[in-house]
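Take a look at the structure set out below.
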């Protein structure tokens, strides 16, 4: 059903002399956020996600559907991200109801396109409109969405300019980043850091403690629909 990666733990060392011990600051506010990764095929959705999770680049992926969990501390908030990565083949093969269930589950969204593929960029406005329509009525707050132009390292194949990406994000009230999942971890980190900054505390607090149960319930509903449709 999915893969939950072990969370990274950092070792701490306390000096022997009491006078040298650091005074701990206030504890981080622990929250949860459900993130849905969307975009056309072969744009690097899984590569971007795994780069953020592991700092490593893996270029080839199958058609498996995964949900990952990972901690990130942003502005004093310790956020446990539940990240749902859906293969493009499943996005196109399913009825709209399955995608709607994922969208209803998610608090925030990362939409990825390739700077080398204009078609992957052109589909984003409709996807974002669909997301906003599906989330209407749930809250008066804006839907946290980040647009990511991937494959920045392939400048010689560029079809979409950085300015086009920024203007689209501005017109749709989304965040924007241009990165290379293949080259660096920093870009992937900035994507999720920026997404976290767009998620209000109220939205995060409402999901606290319900993330995994919500994932299991939603995935069960999605897969049950798939089995019914195949009969």
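Numbering (our numbering), first residue to last: -9 to 221. No residue lacks a Cβ here, since even glycine has one placed at the ideal position from N, Cα and C.
Residue 98 - partner residues in DSSP beta bridges:
25
Residue 42 versus residue 134: straight-line alpha-carbon distance, rounded
18 angstroms
How far does the alpha helix (DSSP H) with residue 67 in it reach, from first residue to last?
For residue 67, no alpha helix (DSSP H) run applies; the uninterrupted beta strand (DSSP E) run containing it begins and ends at 67 to 75, by DSSP.
Residue 120 versus 144, 175, 101 and 39, residue with shortest Cα-Cα distance:
The residue among 144, 175, 101 and 39 with its C-alpha nearest the C-alpha of residue 120 is 101.
Report yes if the C-beta distance between residue 190 and residue 158 is below 9 angstroms; otherwise report no.
no
Span of the beta strand (DSSP E) holding residue 228?
Only positions -9 to 221 of the chain appear in this structure, which leaves residue 228 out of reach.
Only counting the same chain, and skipping five residues up and downstream in sequence, which positions put a Cβ closer than 7 angstroms to that of residue 113?
Around residue 113: 30.
Look at the Cβ atom of residue 48, then the Cβ atom of residue 36, and state whether they are nearer than 9 angstroms.
yes
In three-state DSSP terms, what is residue 141?
Looking at residue 141 - three-state DSSP - the assignment turns out to be coil, as it is neither helix nor strand.
Cβ atoms of residue 72 and residue 25: under 9 angstroms apart, would you say?
yes
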